[in-house]
Structure formats: C-alpha cells, structure tokens
Amino acid sequence: MKNFNSLLAAYFAFWAIIFIFQFSISRRQSRAESDLEKLKHQLQK
Amino acid sequence: MTPTRIFWLAAKIVAALWMAAAGYAIFFIAPDERTMHEIQRIFYMHVASAWTAGIAFLVVAVAGLLYLVKRDPRYDWAAISAAESGLAFTTVVLVTGPIWAKPIWGIWWTWDPRLTWTFVLWLMYIAYLLIGTLVEDRNRHGVLRAVYGLFAFINVPIVWFSIRWWRGQHPSPVVAGAEPGSRLDPTMWAVLFFTWGATLALFAVLMRGRYRLEAIRGATEELRQQAEDSAPAHSDAPGLSGADTPVRASLI
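Residue numbers (my numbering), protein chains in the order written: chain A, 12 to 56; chain B, 404 to 655.
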C-alpha cells in the first residue's frame, strides 16, 4: 500500500478540477443572469 | 418546473450516483495490477478522462461545422461549452498522469510524444477559448472559432496514435493495437468502461450547465442589440441613449 496516497491524490485532483469548473460555471451563470435581469429592468423603464 | 429542467436535474443525480459507483469500482472491484499494484488504479480516471476529452473535442468540431453551414448561434454555444468541458477533462489527464509517473518512472514529466501532444492539445483549446476575447464582432469570432475548432481537432488523432507511431516512455496501448500479453483483464475492462460511462454522463451535465451560461449571454447580447437599434427612435428613453448609459456600463 505504499502508493495509496498517490492514488488518493489523483482521485482528489479529479474531483477538485471538476468542482472548480462547476463552481466557475455557477458563478458566471449567476453574474450573466443578473446582467440580463438588469438589462430587462432598464428596458422596462 | 419545466420538463427540461426535471430531465437535467435527473441527469445530475444519475451522473453523481454513477461517478460514486465508478469510484467504488476503481477502489474495491478492479483487481490489483501485478507490478504497479494500487497506483495502477489511477489508470481508470486518467484514461476515462482522456477519452471523454476526445469526445468533447469531436463535439466542438461537429458543432463548429454545423455553425459554418447553418449560422445558428446555438451551435457556436454548444462548441464553446464542449471545448471548456473537454479542457477540464484534459486538465485531469495532465494532472493525474504525473501523479502516476512519479512513483513509477521516478519523474513527474518527460517530453515523451504522448505527453507532449496532450500538452499541445490543452494549449490549443485554451487558445480556442481566447478567440472570443480577441475579436469584437460576435459573428466573426463564431466563424473563426468554428474554423479553428476543426483545425484543432486534428490534434486528437495525433494524441491517440502518438503511442502507436512513436516509441516513447508512455505505456503502450491496451486497446486498439495492444501488443499480445498487454491486454487488460476482463474485470479491468469492465471497470474502465463503467468509469468512462460515468465521466461521459458528467461531461453531459457540465456541458449543459456551460451551454446555459452561453445561452444567457446570447439573450443578453440580443436584447442589448435590440435596445441599441431602437435607441435613435426613442432617444429620450432612459438608459438607451448616450455611450455611457447604465445599460451599457453593466454589460461591459
């Protein structure tokens, strides 16, 4: 079991990359939604 | 909740459960490899991610081609989404590979043909995503992206064949062109394909999320365009005249 830590590190790296990507999508999505709402609101005035 | 939303919520749950089951299969079902032992289990995530990235870049090329033919922005959005998701999986490949290489080769990295071409592939799709920031005209960068996406895809078969064409340090193929005696154990095969299925499901969910972002940006752009087009007729309307209106400022 001497390389078990490396296996865990690889598994963790996989999930870290996927979570960072998912988090970045969510953040950009909420920013884009808020821009769209702001624009709709301004156009309604 | 619309049926589409329910479908994608179900897809997210399926992808999460499938990934969890794949994790269990990698750690507890896949047999121990004779010489490398537990470190060989990285192979399942590494290879499944590489194959998923290849599929993602194929989607980029096909969507780009469809965009060139039909000029429907939805194809451009799909291509961008697939490229970014494929880039995430290529990053997984480039990170998990060295974690395996260090205990096996004694080094993190070497400029072996497979490793070098994978790195080039990663850089090419970063460049693909930067096209949108370099060209202002949205229609023009859609065309540029589509053409570049077709060109960049040439790299995918080069990466695939690199371990068949050139002798390097990377392990020789275990599928399609495997040498006798280097074939996988049937259980290893099953775990590999099960993990690949899970990463494909994950890719679909990530790509859909990224596509939605692009669709929102597209809707905003369209609305802004409409507002600008109608601005001279209603120049007294708040937020639509003048170059530094709040509407424009919020979108820059």
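Cβ atoms here follow ideal geometry from the backbone N, Cα and C, with glycine treated the same way.
Since the model is a prediction, treat every value here as computed from it, not as a measurement.
Using only the alpha-carbon positions, how far apart do residue i and residue j sit?
i, j, result
"Glu694 of chain B", "Ala607 of chain B", "The question about residue 694 of chain B has no answer, for chain B in this structure spans 404 to 655."
"Trp568 of chain B", "Met591 of chain B", "25 Å"
"Trp520 of chain B", "Pro574 of chain B", "15 Å"
"Arg42 of chain A", "Gly621 of chain B", "14 Å"
"Tyr22 of chain A", "Ile28 of chain A", "10 Å"
"Met610 of chain B", "Arg543 of chain B", "23 Å"
"Ala530 of chain B", "Phe34 of chain A", "22 Å"
"Asn14 of chain A", "Pro506 of chain B", "7 Å"
"Phe556 of chain B", "Leu532 of chain B", "14 Å"
"Ala593 of chain B", "Asp435 of chain B", "14 Å"
"Gly571 of chain B", "Ile510 of chain B", "14 Å"
"Val496 of chain B", "Asn558 of chain B", "15 Å"
"Arg586 of chain B", "Ile409 of chain B", "42 Å"
"Leu54 of chain A", "Ala630 of chain B", "8 Å"
"Pro501 of chain B", "Glu44 of chain A", "39 Å"
"Leu537 of chain B", "Arg548 of chain B", "11 Å"
"Trp503 of chain B", "Ser488 of chain B", "23 Å"
"Pro406 of chain B", "Tyr614 of chain B", "17 Å"
"Ala418 of chain B", "Ser37 of chain A", "17 Å"
"Trp411 of chain B", "Gly612 of chain B", "9 Å"
"Trp508 of chain B", "Pro589 of chain B", "26 Å"
"Asp46 of chain A", "Gln628 of chain B", "14 Å"
"Trp512 of chain B", "Phe32 of chain A", "24 Å"
"Arg39 of chain A", "His52 of chain A", "20 Å"
"Phe554 of chain B", "Phe460 of chain B", "11 Å"
"His633 of chain B", "Lys56 of chain A", "The sequence as given places Ser at residue 633 of chain B; His does not occur at that position. Whole-angstrom Cα-Cα distance: 14 Å."
"Ile619 of chain B", "Ala413 of chain B", "22 Å"
Helix, strand or coil for residue i per DSSP?
i, result
"Glu539 of chain B", "coil"
"Glu582 of chain B", "coil"
"Tyr440 of chain B", "Residue identity check: residue 440 of chain B is His in the sequence provided, not Tyr. Three-state DSSP puts His440 of chain B in a strand."
"Ser575 of chain B", "coil"
"Arg408 of chain B", "helix"
"Ile557 of chain B", "coil"
"Ala433 of chain B", "coil"
"Ala652 of chain B", "Here Ala652 of chain B scores only 34 on pLDDT, less than 50, and its place in the model should not be relied on; the value that follows carries that caveat. Of the three classes helix, strand and coil, the one that applies to Ala652 of chain B here is helix, per DSSP."
"Trp520 of chain B", "helix"
"Asp479 of chain B", "helix"
"Arg567 of chain B", "helix"
"Leu525 of chain B", "Reading the sequence as shown, one finds Trp at residue 525 of chain B and not Leu. It is helical."
"Trp514 of chain B", "coil"
Tell me whether the beta-carbon of residue i lies closer than 7 Å to the beta-carbon of residue j.
i, j, result
"Ile483 of chain B", "Glu617 of chain B", "yes"
"Met448 of chain B", "Leu605 of chain B", "no"
"Gly516 of chain B", "Ser565 of chain B", "The question names Gly, yet the displayed sequence has Pro at residue 516 of chain B. Their beta carbons are under 7 Å apart, which means Pro516 of chain B touches Ser565 of chain B by this criterion."
"Ala24 of chain A", "Val550 of chain B", "no"
"Glu441 of chain B", "Leu19 of chain A", "no"
"Trp454 of chain B", "Trp563 of chain B", "no"
"Gly545 of chain B", "Asp475 of chain B", "no"
"Ala485 of chain B", "Val450 of chain B", "no"
"Arg444 of chain B", "Ile429 of chain B", "yes"
"Ala464 of chain B", "Gly580 of chain B", "no"
"Phe597 of chain B", "Ala425 of chain B", "yes"
"Leu468 of chain B", "Tyr528 of chain B", "no"
"Leu50 of chain A", "Leu626 of chain B", "yes"
"Ala456 of chain B", "Ala466 of chain B", "no"
"Trp514 of chain B", "Thr493 of chain B", "no"
Which first and last residues belong to the alpha helix (DSSP H) in which residue i is found?
i, result
"Gly509 of chain B", "Element bounds for Gly509 of chain B: n/a, residue is neither H nor E."
"Leu626 of chain B", "Pro589 to Ser633"
"Ile458 of chain B", "Ile445 to Lys473"
"Asp46 of chain A", "Phe15 to Gln55"
Could you work out which residues of chain B lie near residue i, taking near to mean beta carbons separated by less than 8 Å?
i, result
"Phe32 of chain A", "Glu487, Ser488, Ala491 and Leu609"
"Gln40 of chain A", "Gly612, Arg615, Leu616 and Ile619"
So which residues on chain A does residue i lean against when the C-beta distance must stay under 8 Å?
i, result
"Trp503 of chain B", "Ser17 and Ala21"
"Ile510 of chain B", "The contacting residues do not exist; Ile510 of chain B stays about 14 Å from chain A at best."
"Met448 of chain B", "Ala21, Tyr22 and Phe25"
"Thr494 of chain B", "Ile28"
"Leu518 of chain B", "The premise fails here: Leu518 of chain B is roughly 16 Å from chain A at the closest Cβ pair, so nothing lies under 8 Å."
"Leu603 of chain B", "Going along chain A, no residue has its Cβ under 8 Å from Leu603 of chain B, so there is no contact; the nearest lies around 13 Å."
Residues of chain A with CB under 9 Å from residue i, in chain order?
i, result
"Ala630 of chain B", "Leu50, Gln53 and Leu54"
"Pro506 of chain B", "Lys13, Asn14 and Ser17"
"Ile529 of chain B", "Neighbours of Ile529 of chain B on chain A: none; closest Cβ ~14 Å, over 9 Å."
Give the residues of chain A in contact with residue i, contact being defined as C-beta atoms less than 7 Å apart.
i, result
"Ile442 of chain B", "Asn14, Ser17 and Leu18"
"Ala622 of chain B", "Leu47"
"Ile445 of chain B", "Leu18 and Ala21"
"Thr499 of chain B", "Ala21, Ala24 and Phe25"
Run through chain C and tell me which residues come within less than 8 Å of residue i, C-beta to C-beta.
i, result
"Arg627 of chain B", "Any reference to chain C falls outside this structure, whose protein chains are A and B."
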